[in-house]
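Asks: Structure incoming, see below.
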Amino acid sequence: MCGRFVSSHSADKISQFFGASFETEALPENFNVAPTQDVYGVVADVNGTREVQAFHWGLVPSWAKDIKIGSKMINARAETIGEKPAFKGLFRKHRLIIPMDGFYEWQQGGADAPLSKAGKPIKTPMFIHRVDDEPLAVAGLWATWRDKAAGPDAPWLHSCTVITTSANGTMEPVHDRMPVILPASKWAEWLDPTNQDMAALQQLLVPAADDLLTMHPVSTAVNNVRNKGPELVQPAEPPSAGLALGL
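What follows is the structure, encoded as structure tokens:
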């Protein structure tokens, strides 16, 4: 899965990188983006014009009765995205790219790992990013929702979910899933809302090449969502015996 990531580039830099416009309020940099927070997303119209917008991370389908459902829909599995009722229609015409500087995943502690207060091996947080440090173009879906109980003038909520696939060789030692990372040559095909070739789109949802990503352990400070600073991505030693800071 993908449950935390880094978003430190400005809206202007993201717009330049993806060839998109940006006209809404900028989001602050965040080195520990968590579900239910706002994130940037790149969408396109029928003419291929791209725009960077803000989305609530955690998909809230149009039929949802409560926004809380979004906390359970932060990820969508590539293997079943064309079948699940919550995702099938969005996969057909509501696709976006979620820019990330990198993401975090927690590696299970081995038999000799220090134990948490609960007596379980402490997991090591890893920061995963491109070897060239360029932004990751992560595939996602988006939806709009309005709280009907609030009346016809209630604002629309734009939300999104991250599409995940099986891990590549780089990720396998850490986790069995990873976000779908799209190469620049496939951005237009993915974002085009008139493209409803589901079979061709499905073929884009594959693990990234093994040589695209690199990773290093970081401080367990990332376990706390209140920590958001750049120090979180700095290399750190794995937890040592005697510590009790498990996820």
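Residue numbers (this note's numbering): 942 to 1188.
Using N, Cα and C, we set each Cβ at its ideal position, and we do this for glycine too.
Note that the structure is a prediction, hence the values are computed from the model and not measured.
#1: Drop a sphere of 10 angstroms on the beta-carbon of Met1139, count the other beta-carbons inside from all chains shown, and report buried for 16 or more, exposed for fewer.
#2: For Asp1151, which residues in the same chain have their Cβ closer than 6 Å to its Cβ, ignoring the five residues on either side in sequence?
#3: So, with DSSP's three-state summary, where would you put Ile1010?
#4: Hey, Ser1003 and Ala1084 are a contact pair by Cβ (cut 8 Å); roughly how many whole angstroms apart?
#5: How about Pro1066 and Tyr1045: are their beta carbons less than 8 Å apart?
#6: Can you tell me which of the three DSSP states Asp986 falls into?
#7: Would you tell me roughly how many angstroms separate the C-alpha atoms of Gly1023 and Met1041, rounded to the nearest one?
#8: Return the CA-CA distance between Lys1089 and Gln1048, expressed in angstroms with no decimal places.
#9: Whole angstroms are fine: how far does the CA of Lys1029 sit from the CA of Trp998?
#10: Using the three-state DSSP reduction, which class does Met1112 fall into: helix, strand or coil?
#11: Could you pull the start and end residues of the alpha helix (DSSP H) that Pro1026 belongs to?
#12: In the structure shown, what three-state DSSP assignment does Met1156 receive?
#13: For Val1166, which three-state DSSP category applies?
#14: CB Val1174 to CB Val1159, shorter than 8 Å?
#15: Taking only the alpha-carbon atoms, compute the straight-line gap between Trp1128 and Ala967 and give it to the nearest angstrom.
#16: Work out the CA separation of Gly1011 and Ala1005 for me, nearest whole Å.
#17: Note the first and the last residue of the continuous beta strand (DSSP E) segment covering Gln994.
#18: In the DSSP assignment, what are the bridge partners of Lys963?
#19: Expressed to the nearest angstrom, what Euclidean distance is found between the alpha-carbon atoms of Arg945 and Arg1118?
#20: Helix, strand or coil, according to DSSP, for Thr1135 in the structure here?
#21: His1099 bridges to which residues according to DSSP?
#22: Quick check on this structure: which residue in Leu1098, Lys1025, Pro1076 and Val1115 has the alpha carbon closest to the alpha carbon of Ile1008?
#23: Strictly by DSSP, which residues pair up with Gly1043?
#24: Does Pro1120 pass the burial test, meaning 16 or more other C-beta atoms within 10 Å, or should it be called exposed?
Replies: Reading from the atomic positions:
#1: In the sequence shown, counting from the first residue as 1, residue 1139 sits at position 198. Label assigned to Met1139: exposed.
#2: Taking the sequence shown and counting its residues from 1, the one referred to as residue 1151 is at position 210. Here the set comprises Asn1109, Gly1110 and Thr1111.
#3: Taking the sequence shown and counting its residues from 1, the one referred to as residue 1010 is at position 69. In this structure, Ile1010 counts as helix in the three-state DSSP scheme.
#4: Taking the first residue of the sequence shown as 1, we reach residue 1003 at position 62. Taking the first residue of the sequence shown as 1, we reach residue 1084 at position 143. Right, the Cβ-Cβ distance comes to about 6 Å (below 8 Å), so this counts as a contact.
#5: Position 125 of the sequence shown, counting from 1, holds the residue named residue 1066. Position 104 of the sequence shown, counting from 1, holds the residue named residue 1045. Going by C-beta atoms, Pro1066 is nearer than 8 Å to Tyr1045.
#6: In the sequence shown, the residue the question calls residue 986 occupies position 45. The answer is coil: DSSP assigns Asp986 none of H, G, I, E or B.
#7: The count along the sequence shown starts at 1 and reaches residue 1023 at position 82. The count along the sequence shown starts at 1 and reaches residue 1041 at position 100. Their Cα atoms are separated by approximately 24 Å.
#8: Walking along the sequence shown from the start, residue 1089 turns up at place 148. Walking along the sequence shown from the start, residue 1048 turns up at place 107. Cα-Cα distance, rounded: 42 Å.
#9: For the purposes of this step, residue 998 is identified with residue 57 of the sequence shown, where counting begins at 1. For the purposes of this step, residue 1029 is identified with residue 88 of the sequence shown, where counting begins at 1. Each residue's alpha carbon lies about 18 Å from the other.
#10: The sequence position of residue 1112 within the sequence shown is 171, counting from 1. Met1112 falls in the coil class under three-state DSSP.
#11: The residue given as residue 1026 occupies position 85 in the sequence shown. Segment Pro1026 to Lys1034, the alpha helix (DSSP H) holding Pro1026.
#12: Locating residue 1156 in the sequence shown gives position 215, where the first residue counts as 1. Strand at Met1156.
#13: If you number the sequence shown from 1, residue 1166 lands on position 225. Residue state, collapsed to three classes: coil.
#14: Within the sequence shown, numbered from 1, the residue matching residue 1174 stands at position 233. Within the sequence shown, numbered from 1, the residue matching residue 1159 stands at position 218. For Val1174 and Val1159, yes; Cβs fall inside 8 Å.
#15: By 1-based counting over the sequence shown, the position of residue 1128 is 187. By 1-based counting over the sequence shown, the position of residue 967 is 26. The straight-line gap from Cα to Cα measures roughly 23 Å.
#16: Counted from its first residue, the sequence shown places residue 1005 at position 64. Counted from its first residue, the sequence shown places residue 1011 at position 70. Rounded to whole angstroms, Ala1005 to Gly1011 spans 9 Å at the Cα level.
#17: Here residue 994 refers to the residue found at position 53 when the sequence shown is read from its first residue. Gln994 -> beta strand (DSSP E) spans Arg991 to Trp998.
#18: Along the sequence shown, one-based indexing puts residue 963 at 22. Here the sequence assigns Phe to residue 963, which means Lys is not the residue at that position. Beta-bridge pairing links Phe963 to Val993.
#19: For this step, residue 945 is matched to residue 4 along the sequence shown. For this step, residue 1118 is matched to residue 177 along the sequence shown. For Arg945 and Arg1118, the distance between alpha carbons rounds to 13 Å.
#20: Your numbering for residue 1135 matches position 194 in the sequence shown. If DSSP states are grouped into helix, strand and coil, Thr1135 belongs with coil.
#21: Within the sequence shown, residue 1099 is the residue found at index 158, counting from 1. In the DSSP output, where bridge partners are listed per residue, His1099 has Thr1085.
#22: In the sequence shown, residue 1008 corresponds to position 67, counting from 1. Answer by Cα proximity: Leu1098.
#23: Mapped onto the sequence shown, residue 1043 falls at position 102. According to DSSP, which records beta bridges pairwise, Gly1043 is partnered with Val947.
#24: Numbered from 1 along the sequence shown, position 179 holds the residue referred to as residue 1120. The residue is buried, with at least 16 neighbouring Cβ atoms inside 10 Å.
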